[in-house]
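Let me begin by presenting the structure, written as structure tokens, before commenting on it.
Number of protein chains: 4
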Amino acid sequence: MGTSYRAAVMAAPNEPIEIRDFPAPVLDDGAAILATSYSEVCGTDVHLWHGKLAGVPYPIIPGHVAVGHLAQIRGAIKDIEGEPFREGDLVTYLDVHATCNHCYHCLVAKQPTRCTSRKVYGITYGANDGLLGGWSEAVWLQPGLKLVRIPSGLAPETFIGGGCGLVTAIHAIDRAELRLGNSVVVLGVGPVGQSVIALARQSGAGDVIAVGGPDDRLEFARRMGASHAIGLDLSADDRAARVRELTGGRGADVVIEAAGPPDAVRDALEMVRDGGRVVVCGQYTDGGEVSINPHLLINKKHVELRGTWGSDYSHFFRAVQLAAQFQPVVPWGEMVSHRFALDDAESALRAVASRDVIKAIIAPN
Amino acid sequence: MGTSYRAAVMAAPNEPIEIRDFPAPVLDDGAAILATSYSEVCGTDVHLWHGKLAGVPYPIIPGHVAVGHLAQIRGAIKDIEGEPFREGDLVTYLDVHATCNHCYHCLVAKQPTRCTSRKVYGITYGANDGLLGGWSEAVWLQPGLKLVRIPSGLAPETFIGGGCGLVTAIHAIDRAELRLGNSVVVLGVGPVGQSVIALARQSGAGDVIAVGGPDDRLEFARRMGASHAIGLDLSADDRAARVRELTGGRGADVVIEAAGPPDAVRDALEMVRDGGRVVVCGQYTDGGEVSINPHLLINKKHVELRGTWGSDYSHFFRAVQLAAQFQPVVPWGEMVSHRFALDDAESALRAVASRDVIKAIIAPN
Amino acid sequence: MGTSYRAAVMAAPNEPIEIRDFPAPVLDDGAAILATSYSEVCGTDVHLWHGKLAGVPYPIIPGHVAVGHLAQIRGAIKDIEGEPFREGDLVTYLDVHATCNHCYHCLVAKQPTRCTSRKVYGITYGANDGLLGGWSEAVWLQPGLKLVRIPSGLAPETFIGGGCGLVTAIHAIDRAELRLGNSVVVLGVGPVGQSVIALARQSGAGDVIAVGGPDDRLEFARRMGASHAIGLDLSADDRAARVRELTGGRGADVVIEAAGPPDAVRDALEMVRDGGRVVVCGQYTDGGEVSINPHLLINKKHVELRGTWGSDYSHFFRAVQLAAQFQPVVPWGEMVSHRFALDDAESALRAVASRDVIKAIIAPN
Amino acid sequence: MGTSYRAAVMAAPNEPIEIRDFPAPVLDDGAAILATSYSEVCGTDVHLWHGKLAGVPYPIIPGHVAVGHLAQIRGAIKDIEGEPFREGDLVTYLDVHATCNHCYHCLVAKQPTRCTSRKVYGITYGANDGLLGGWSEAVWLQPGLKLVRIPSGLAPETFIGGGCGLVTAIHAIDRAELRLGNSVVVLGVGPVGQSVIALARQSGAGDVIAVGGPDDRLEFARRMGASHAIGLDLSADDRAARVRELTGGRGADVVIEAAGPPDAVRDALEMVRDGGRVVVCGQYTDGGEVSINPHLLINKKHVELRGTWGSDYSHFFRAVQLAAQFQPVVPWGEMVSHRFALDDAESALRAVASRDVIKAIIAPN
């Protein structure tokens, strides 16, 4: 165990990423240190760098999802089966910490993702709080943080390839309540969209129609399970017309928006069949407004539209299990076209920002 | 039985309502004639008069919902319990006819309200097709039209007071999936909104907050079961703030939009709590677009929004049963402040158009 | 504040109830002392006395649900709205403590009532652990125990009249997913059944048919909202025939079993209509087996049957709110025909055991 | 077109199967004749032969599901997309005819499988009514019978291999509401169980555990998608213990009973985890009673149990689409180990009765 660890720090929006030394955390009972194998660079990190999120306590150590080995454990920490973790175990952890289990949203509404006490590693914890982000040689796993064991046979590269996009995708697929053979449109072919496509395919969907760009991502979407791909070279009207053409003139049973631009919500409503379902999981930052006709697109369509915010432990736990289950058929690991050293964290961020890669990961050790 | 019947005819949009004579229909096996006690004048009739609906085969005899006595039956017609109808029975009927029970929406999606073959009495049947609207001394009940017996004890005035607004309200309440004690906001205090308020109250909602105007309708809303009323003299922001104030700062568990203007959909999303549910049943004509922020109002709110189009037999049948069940406590009959003779049908229409009355009915005989 | 408190102790099954003195608990941060106004005597207490439950750490202080004033608070304790509790506040508390929020059932299945770590005041905490039951002048509210504020206007007598039966009834009604106008059969007219009847009525059910005995309880069921009552003087077959007679020959839309004997589950399946729903919440102790024909009663009936075990904070919190909401129309307070002093706890227990009273309460102070 | 057709007739229970000549049906408008390629022999046919079903109008022509070419059409018949059928088209049809679309179950409960007017080809139509069963050179497709087009690319052998077991399995899988990664136990490895296994696998289930026998069927279950197989050589207790062992000690998320013996329902309840779901679709004939402990297996388990009776058009239509979709990966066609000529219908029946084959089909032409 070291006495200090190096971490990449985002000091403020639009500032260069710096490498700083942090002292090893002092562990209370129930705490641990993770020797970070990989942490991901996701679209949220780009938003953080561009100052698009409110309430971020810069400076921060980015990296909300990470995987690695337990370097040190203080006291007993158990997994959900009651099995104790041991030093050396390969684990990940739910990045959301400190959900209060005491407020209306936690206890009555049963929607802990709306708890106002929750803190997120790599986003709402600051670097001044300690090693609480994944772009670091070590992560301080505070008492009460919920760890998940990586099953033997699941490559950490597969899990981190899915990463937080896979967790979001599981929540979205649950909300979609697909039935076998349903036609599904997925708007967006970034990390979330790619995992949604994979999970829709593995859920027994009929046609899975990927909509987005650029072409190499669309091509990758086919490898994830898309049966059809529609590029952004077509106009929104033509894309909707193409979806109707592929779905017997009716529109898709389910449309899952994982794209980002507000207009994608209207596109989703245009593409869904009367009586179908739209899930929105791509509007994670404020991109402004969209204008829709509620008579034509909501009331007359008899449509159901569901927003999907955040994830709880169940989604995260299942992400690990499903990554293991579908590892033989879904190329999550290959979504990571580039690995970056800790010193190259800024390059990793730029690669994601420029959409040169679907996903970049940082390998700090 | 007469050899001819008088009916009010809307020859074209914005033209005076005329009274015309129609020959008695020739009845095939399974057909009947209704001696109309009452038919309602609803907001849709105003839209029809203003030419706001597409595909209407003018001239038409308006009046989609009616109640009366069976004047003549040809052959055997049974109710859903298998009991034969007899001449003299007091009945109403599902205004939707000719749903095909053969297409994708009828058979696979199980959403017959989206069947393209369906024809609606008083709206999509024309006067040239015969006595197929309620503003008439007699209505031709074609074979296959689904009749509903008015239970003994249910005053026809109560049923017609609820009328098509009650049917729509039942569908909306079903889609709302209220739980006991839920706080409910109802936008709109016209006939649909009033029945939604009554049904939310009878479903065991906690606070039922009526939003709309003018004041006499808001006042009536309290009699239907609203615990709070918010007028349109407040701005949209202030109305939403008032709802939050009444709901522990969180917004309502459920918001049901029965107002009409597209902006009401945004207002509904503003007023619902995180993780709550919005039902849209007020956007029955094309009033244009509304601009919403999908990050703030859909994704981050983790909200569910459901459009509600049309009604099927189950809603209509249950409307009759629920009108009978709640007749002692819900003043549906009093919603009808004015009855008009057939010759005064245009006056009735003007009264509804000017919002002088919540609901007008026509008593043709 | 006292230095010691008197409590009723059940030393072992079938032994006399004793009154013992206990030292005042030493409060850690987040703990409090409740000056008990009332605690209830419910059927579970009779089962405890008869030694019917496994794993009970006798001696125990019975009384899982209690209401009273906060006599002493150490540190800050807040309600779910974030409002601090103050000494003198009237409160109750979720009797279930120490749910782990760390195991599969808590985190993935989201069924914390199946968490194996949970401890229940008055049942699975022993008297050697301290003042952890309601039949006591004071209850030790341990840190983390979840308190619920009694709203101003809600009489503690009303709340304790509903008591744990009301909490169970809310869970059962949620599982029943009633629609407006549904016919409902409630098997059992003890405390759970009476509250189920009240909540079904307040949910807008159509006919609510109470089945059970003795006659005074059936009579009380009508005051709670039952529209029909069927006594146990009829045979099971005749009771089922009577239900069909009252429901158009089809059986009830929903049957809720709150009776206790295993045969009641078969009776419920006999009484429900094809495609209906049965909720089982009366089988809280092992009463042996029941023989059913799965072809006739499950498969061919296309029925749905749901067990209902335990309650979580949401049910308890809503019990308090709904008791306040429906206090004007539901006579929960009158269900308590007898109040007993602490010294008469055994008499209270005998009164419940002999079914002389629907519910007895103990007023320790 | 012939003037007469040969058909296999079951004159009475336990009598030899005879071949009889029937005159060609006279076609009304909307009727057609099917030149039968294949009809299946299913367990229900064995039950019919053994006189186990009530209300069967012997003599009958068995064979409820069949596939073939349209030999003659009178008038226009369209598919659900509105496309006209043409002579020579390869089709199948929903064996359920004459659902009334007029009764409580059809219109209000929306459970047409409980309509009392429905008639089933090969089961409740008698041979005296005409060619209304599939074990015949030709089937009389009466007006209103709902045909389904076999998509190009779907081999009729694949469809008939799935047959009515696949249709039942779709209904059961819909009722199971699986989530990705759920562990599933399937009791029974006959035609229904095999298709349930395949559909659970294609729905993204985690472990799919087949329970049944004999060994060759269990082996085939692995080809359909089972990850584990448990034979009937183990006792019921040992089978349940094995399921717990495979599911982290908890039991399976979902258990689908497709076995037949009443005891299988208790086994299912033993094997499901607390809070899990059991679907019963194997109790299609009356096999007597089963004794269960409702405290341990229903109430305390907080379990949900759903019966599944019959199928409607949506299940049948989707069976055809899903057979086409999964034909490349699910060996439905191979489930048919034997084809029999019409003259050998009795041999086919004996082969199924003796469980020598999973499924036999009859090729009448």
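Protein sequences, first through last, are from chains D, L, R and E. Plus 31 on top of the position in the first sequence (first one is 1) and you've got the numbering used here. Plus 31 on top of the position in the second sequence (first one is 1) and you've got the numbering used here. Plus 31 on top of the position in the third sequence (first one is 1) and you've got the numbering used here. Plus 31 on top of the position in the fourth sequence (first one is 1) and you've got the numbering used here. Glycine is no exception: its CB is placed at the ideal position from the N, C-alpha and C atoms.
My assumption, with CB atoms under 8 angstroms, is that G398 (chain E) sits in contact with G291 (chain E). Please give the rounded CB distance.
The structure shown has nothing for residue 398 (chain E), since chain E only spans 32 to 396.
Measuring only between beta-carbons, confirm whether E301 (chain D) sits less than 7 angstroms from chain L.
By the rule that beta-carbons nearer than 7 angstroms mark a contact, E301 (chain D) does not touch chain L.
With distance defined between alpha-carbon atoms, name the residue in D:A354, D:T199, D:Y135 nearest to G279 (chain L).
D:Y135
Expected contact under 8 angstroms - CB spacing of L101 (chain L) and L58 (chain L) to nearest Å:
Not quite, the Cβ-Cβ distance comes to about 12 angstroms (not below 8 angstroms), so this is no contact.
Separation of R210 (chain D) from Q5 (chain D), as counted between CA atoms:
Residue 5 (chain D) falls outside the range modelled here, since chain D spans only 32 to 396, and no answer is possible.
Return the CA-CA distance between I240 (chain E) and M302 (chain E), expressed in angstroms with no decimal places.
11 angstroms
Check whether chain R comes within 7 angstroms of F348 (chain D), counting only Cβ atoms and requiring the distance to be less than that.
It does; some Cβ of chain R falls within 7 angstroms.
Neighbouring residues, chain R, relative to R337 (chain E) (Cβ below 7 angstroms):
Within 7 angstroms Cβ-Cβ: E335.
Going by alpha carbons, who is nearest to A129 (chain L) out of L:V139, L:P115, L:P174?
L:P174
Quick one: is R270 (chain R) buried, meaning 16 or more other Cβ sit within 10 Å of its Cβ, or exposed?
buried
Is G224 (chain R) close to chain L, meaning its C-beta is less than 7 angstroms from at least one C-beta of that chain?
So, not an interface residue.
Using a 10 Å radius around the Cβ and a threshold of 16 neighbouring Cβ atoms, would you call E112 (chain L) buried or exposed?
Exposed.
Can you tell me whether P143 (chain L) is helix, strand or coil according to DSSP?
helix
Taking Y36 (chain L) as the reference, give the member of L:D387, L:V383, L:L373 with the closest Cα.
For Y36 (chain L), the nearest C-alpha among the options comes from L:L373.
Mind checking which residues open and close the alpha helix (DSSP H) that includes Y135 (chain D)?
135–138
Boundaries (first-last residue) of the alpha helix (DSSP H) holding F348 (chain D)
344–357
Which residues does DSSP list as the beta-bridge partners of H369 (chain D)?
D:A391
Between the stretch 234–245 of chain R and chain L, which residues of the former have a C-beta closer than 7 angstroms to a C-beta of the latter?
S234, G235, G237
Which residue comes first and which comes last in the beta strand (DSSP E) that contains R117 (chain R)?
Element bounds for R117 (chain R): n/a, residue is neither H nor E.
Going by alpha carbons, who is nearest to V198 (chain D) out of D:V351, D:E188, D:Y315?
D:V351
Please classify R117 (chain L) as buried or exposed, where buried requires at least 16 other C-beta atoms within 10 Å of its C-beta.
exposed
Short of 6 angstroms in beta carbon distance, which residues of its chain neighbour G157 (chain D), apart from the five on each side in sequence? Order them along the chain.
Once the five neighbours on either side are set aside, the close Cβ partners of G157 (chain D) are P88, I91.
If you measure beta-carbon to beta-carbon, which residues of the stretch 350–361 of chain L are closer than 9 angstroms to chain R?
Q352, L353, Q356, F357
What's the gap between the Cα of L249 (chain E) and the Cα of P293 (chain E)?
20 angstroms
Below 8 angstroms on the Cβ atoms is my contact criterion, and I expect N330 (chain L) with W340 (chain D) to pass it. Report the Cβ-Cβ distance as a whole number of Å.
6 angstroms
Excluding the five sequence neighbours on either side, which residues of its own chain have a C-beta within less than 6 angstroms of the C-beta of G415 (chain L), listed in chain order?
Lying outside 32 to 396, the shown extent of chain L, residue 415 (chain L) is not represented and no answer is given.
Along the chain, where does the alpha helix (DSSP H) that runs through Q225 (chain R) open and close?
Bounds of the alpha helix (DSSP H) holding Q225 (chain R) are 222–233.
Close Cβ partners of R275 (chain E) (< 6 angstroms) along its chain, the five nearest in sequence each way excluded
G282
Comparing alpha-carbon positions, which option in E:L327, E:L328, E:H333, E:V311 lies nearest L328 (chain R)?
With distances taken between Cα atoms, L328 (chain R) lies closest to E:V311.
Distance check for V286 (chain L) and C73 (chain L), CA to CA, integer angstroms please.
Separation of C73 (chain L) and V286 (chain L) (C-alpha to C-alpha, rounded to the nearest whole angstrom) is 23 angstroms.
What do you reckon, are the CB atoms on V401 (chain L) and V127 (chain L) nearer than 7 angstroms?
As shown, chain L starts at 32 and ends at 396. That puts residue 401 (chain L) outside it, with no answer to give.
Kindly indicate the opening and closing residues of the beta strand (DSSP E) around G99 (chain L).
97–104
Quick one, are the C-beta atoms of L218 (chain E) and A107 (chain E) less than 7 angstroms apart?
no
Limits of the alpha helix (DSSP H) - the one that L218 (chain L) falls within
Premise fails: L218 (chain L) lies in the beta strand (DSSP E), 215–218, not in any alpha helix (DSSP H).
What in chain E is Cβ-close to E112 (chain D), meaning under 9 angstroms?
Near E112 (chain D) (Cβ distances below 9 angstroms), the residues of chain E are G279, G280.
Under the three-state DSSP convention, the category D238 (chain D) falls into:
If DSSP states are grouped into helix, strand and coil, D238 (chain D) belongs with coil.
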